[in-house]
Every structure is written in C-alpha cells, then in structure tokens.
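Taking it in order: structure first as structure tokens, then the write-up.
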Amino acid sequence: MERVFTLLSFGPEGWGDNIAAGVVITVSLALATLPVGLALGFLVALGKRSPDRFLRLAANIYTTIFRGLPELLTLFLVFYGAQIGLQKLIHFFDPAASIEINAFVAGMVALGAVFSSYASEVFLAAFRAIPSGQYEGGYAVGLSSSQTMRLVIAPQLLRLALPGLSNLWLILIKDTALVSVIGIADVLRQSQVAARVTKEAFLFFGLACLIYLALAMLSSIAIAAIERRAERAGAVR
Amino acid sequence: MTAAPGSLTPAERPPVQKAPWTHQRTLGVVLLCIWAALALAVAAFMVESWNPTLFERYAPRYMSGLWITIQLVVLSVIFGALLSIPIAYGRMSENRFLSALAYAYVYFFRGTPLLAQTFLIYYGLGSFRPELQAIGLWSFFRDAWNCALFAFTLNTAAYQAEILRGAIGSVGRGQWEAASALGIPKLLAIRKIIIPQAMIVALRPYGNEVILMIKGSAIVAIITVFDLMGETRRAYSQTFDFQTYIWAALIYLALVELLRNLIDLIEKRITRHLKR
C-alpha cells in the first residue's frame, strides 16, 4: 500500500506530477477542439438545411465521411496525410524544406472534424424543432435575416441543442484518449509510460479510467449548471 | 354562376420560373468542386502509386483483417446483448442494491474511453498473473484477441443495457396489464407483445451501437490484434505508402454505409404496419 502511495506521489519518486500534466493536456485538447467543432458543426448544419441542392449535398458528403470513418483512422489520415500533402506542397516551392505537423494540432483537427459532423446533426434536429413562425415573426418586426438568426433563432437553438451537445462533449473527452497513439502526452500516454516503467499496469490504467470518470462527472455538474442557466433565460413552453 | 361555360377555358399555364442563382448555390458549387477535386486527387494518387505486387501482397491480408474486424464486432455485440439483459434488469429493478450496482457498471463503462478499458484489461490484468494462473484463466487473458473481445463485450453490454432499458420503458404499462389480464404468461408476453414494440424504438440505437463498435474496433490494432486497422498499420510501416490508409478508409466507409442502409431497410420492414 505504501508503495502505491509512493508511486502516485508528486515528486521524483512518484508519477503524480506526470499524470497531472497529462490531465492538463487532455483537458486542453478537448477545450481547444470544442469551439472549432461547434462552429464547423453549425456551419455544416446550415449547409444541410439550405434550400440549395448542391450545398446540401456538399454538407452531407462531409458528415458521411467523418461519421463513417473510425476516429483512429481519421487521426492517422490527418496526421500522416497532412504531413505528406504539405511536404509535397512545400517541395514544389523549395525542394530542401521539410515540415513537421504538430501532433496536438493534428489531434485537434481530427477530433474537430468528427465532433462537427455529429454536432451538425444535433443542430439540424434543433433547427427542426423551431417553428417557422419564429423566423416570420423576426422578419415581420423588420429584422434582417442575419439579425433574425442571431437574436431570435440562435438563443432558442442553443437551448434545444444543449442536451445533444453535452453528450457530444462527453464523447469528445473519451475520444481524446486516441491521441496518445500519435505521441501526445495525455493521461493515457502518461499512464502507459508509468505502467511500463513500474510494472504496475493495473494501478496506472485503473487510475487513468478513474480520471476520465472524474472528468465526466465534473462535466456533468458543469453541464447541469449551464442547463439550469439556459432554462432560466428561456420562455416557458 | 352567370358566366357562360365558354369563359371557363383553362388559363395559360404560367411559365416555369427558373430558380435564381443564389449565393448559396455559388457556395454549394464551390464546395462540391472542392470535394470533386479531393476525390480526383485521391484517385490520381491511387493510380499513380498503383503497384500490382503491392496489391497482390496486401489484398489478402486486408481481407483477413476485415474478417477479424467483423468477427470481433459480431461476437462482442452478441455476447454484449446477452450480458445486457441482466444489467438492464438490474437497472430497472426495485432493489436498491441491484440497481445501484447496475448503474455503477453502466456509468463506469460509458464514462471511460474504450481504449483505456482495453489497456486496463490487456495490460492491467497482467498484474494479477499468479492469481489468474491459479484459477486457470491466464491462458485466456494472455491473448490480445481474447482481451479485446472481453473488453468490447463489457463495453457494449453497458450501452446495450441502456438501449434495452429505454426501449422496454417506452412500451406503455397498459400493454403489460392487458397481457396479464388476458392470462398470457409473462415470458410469452415479453416475447410476443413487449419485444416487437420495443424493437421499433431500439432498432436505430442498436444499429448505431453496431456502427460505433465497427469504428471503435479499430483501436485493437494498438494492442497488436491484426484487424483491418492492424493490417493497415503493418502495411504502412512496411511500405511507407500512404495509399494503405486510403484503402482502409474506403473499406470502413463502405462497411458503415452498407450497414446504415441495411438498418434503414429493416426499419421500413418492421414499421410497415404504421405506414398509412
């Protein structure tokens, strides 16, 4: 038991500080991906409900691809594919140059693409739940279409999309574990290193699982607070 | 009323108005052009790097990898379905202890990444090697494939238990009461009355779960199981040819799309009595 405490302590003997650094990486990756995924997902949702056939098709291709590919494969495609593509592009201008893709950015792009394609479905469902009278009311009082979207539709949309989006956030936290494979020192990667060095695999992977659980619980608390706040602002339906 | 019948000649049909060219259409065309350019670039890349010896060497391996993926998903979904029944029963049980236990199980497996669970089982159980050897389970947990199957079964059982619970809960109480009023035994009522109605609700989530398992199964490549993803990684590390990943992407996409369409078909079939 004492050995366990030594192993988990912060300091030269223990792995606590390494794993805490991993938690920071995991959380910052998820937090950095969230706005990208939300913005992109919203745009894709707008594309999907456009009256124009071509725009709808383009948006649907996007979701079909990123919802159909395994997240791990998306990550590899972005990580290696972007590297090769950019390398070729740069060789075109300067044959001697070489480029390294930042693993963190690759993880952000891949997770953002997956998140946004699921988020677009959530936004789409929320759009469908808003009656067309809301738009007509906006136009009737003289708001432009962008003003209607910003002042009338978006606040209701966010409230309707919140449950779906919070689900996606919990999935996003779990998906960040995949970036340990491309060498980002997140929680899982750090536990893997610790497990290999100390031969206490069950302890460290169990700890990693508990950390993810704790993150999920913290998120649930935060989400509940946001939902209460959103409900207070909303009209009673 | 007073008008002569002759004045009722049908008016000229108004000319069909051409849809105006909007900004959205411009954007749509541009985006579609980008997709087409990307598809062309991928196709050109595949043609350019086409290598018959490479294809001959790796195509059978990809097929065996695909077979492993399918086996893993099918087996874990079936075992998971069996395991989900007692868990869903526990979740719906009146017994506090039982329902708390089932809730903790579901919360743990839905709240942690599948990759971490797989590591916990594959590497973590190695910490208990003497104990496992004593009860003769070590030979099972030594194998990466068995560990992956075990982890996936536990994981999908948690998700399926929630689906099952939701679906059974969606069938009205009156259905149970009517069945017992007619003297139908409980098991028969479940089989003939509750399950057919619950399946309509559960089909889509079940289908999504299978798709998620197909996509999630790619992570077994990390614990050295040579499924489709594992074969891809091996092929890439031997050839450094990026087309290996594109082949895998195409196969996974085809698999998922096939399944999605299949689910749509089944849904049409089991809801045909609701169509008007």
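From first to last, the protein sequence lines stand for chains A and B.
Numbering-wise, the first sequence is residues 306 to 542 according to this note's numbering.
Numbering-wise, the second sequence is residues 3 to 278 according to this note's numbering.
Positions of the beta carbon are idealized from the N, C-alpha and C atoms, including for glycine.
A contact is defined here as three or more CB-CB pairs under 8 Å, and the stretch 425 to 441 of chain A fails this definition with respect to the stretch 475 to 492 of chain A.
In the same chain as Val75(B), and ignoring 5 residues on each side of it, the C-beta atoms closer than 6 Å to its own belong to Met215, Ile216, Ser219, in chain order. Of all residues in the stretch 106 to 134 of chain B, only Tyr109, Phe110, Gly113, Thr114, Pro115, Leu116, Leu117, Ala118, Gln119, Phe121, Leu122, Tyr125, Gly126, Leu127, Gly128, Ser129, Phe130 place a beta-carbon less than 8 Å from a beta-carbon of chain A. When secondary structure is reduced to three states using DSSP, Asp266(B) falls in the helix class.
A distance of 8 Å or more separates the beta carbons of Thr369(A) and Val349(A). For Phe81(B), the CB contacts under 6 Å within the same chain, skipping 5 residues up- and downstream, are Thr155 in chain order. The C-beta separation of Gly488(A) from Ala408(A) comes to about 5 Å, placing the pair in contact by the 8 Å criterion.
A direct Cα-to-Cα measurement between Gly390(A) and Leu42(B) gives close to 14 Å. Taking C-beta atoms as the reference points, Trp147(B) and Val227(B) count as a pair closer than 8 Å.
With a minimum length of 4 residues, the unbroken runs of alpha helix (DSSP H) contained wholly in the stretch 102 to 150 of chain B fall at 116 to 124, 131 to 136, 140 to 143. In this chain, the alpha helix (DSSP H) harbouring Arg63(B) covers 54 to 94. Pairing Arg372(A) with Ala180(B), the inter-Cα distance amounts to about 42 Å. Residue range 197 to 218 is occupied by the alpha helix (DSSP H) that includes Leu214(B). In this model, Ala326(A) and Phe432(A) are separated by some 40 Å (Cα to Cα). One alpha carbon belongs to Glu164(B), the other to Arg27(B), and they sit about 43 Å apart.
CA-CA distance, Ile202(B) to Leu84(B), rounds to 19 Å. If only complete runs of 4 or more residues are kept, the stretch 443 to 489 of chain A shows the alpha helix (DSSP H) at 459 to 480, in order along the chain. Of all residues in the stretch 16 to 29 of chain B, those with a C-beta nearer than 7 Å to a C-beta of chain A are Thr24, Gln26, Arg27, Leu29, reading in chain order. Only residues of its own chain outside the window of five on either side were considered, and among them Ala220, Ala223, Ala250 have a CB closer than 7 Å to the CB of Met231(B), listed in chain order. Listed along chain A, the residues sitting closer than 8 Å to Phe244(B) by beta-carbon distance are Tyr385, Gly386, Ile389.
Taking a cut-off of 8 Å for Cβ pairs, the stretch 118 to 125 of chain B and the stretch 88 to 99 of chain B do not touch, as fewer than three such pairs fall below it.
The contact set of Glu505(A) on chain B, defined by CB atoms closer than 7 Å, consists of Ser129 in chain order. Around the Cβ of Pro375(A), a 10 Å sphere holds 16 or more other Cβ atoms; the residue is buried. Chain order gives the chain B residues near Tyr517(A) as Gly113, Thr114, Pro115, Ala118, where near means a beta carbon separation below 8 Å. Within the stretch 342 to 376 of chain A, those residues whose Cβ lies closer than 9 Å to any Cβ of chain B are, in chain order, Gly352, Ser355, Pro356, Asp357, Arg358, Phe359, Leu360, Arg361, Leu362, Ala363, Ala364, Ile366, Tyr367, Thr369, Ile370, Arg372, Gly373, Leu374, Pro375, Glu376.
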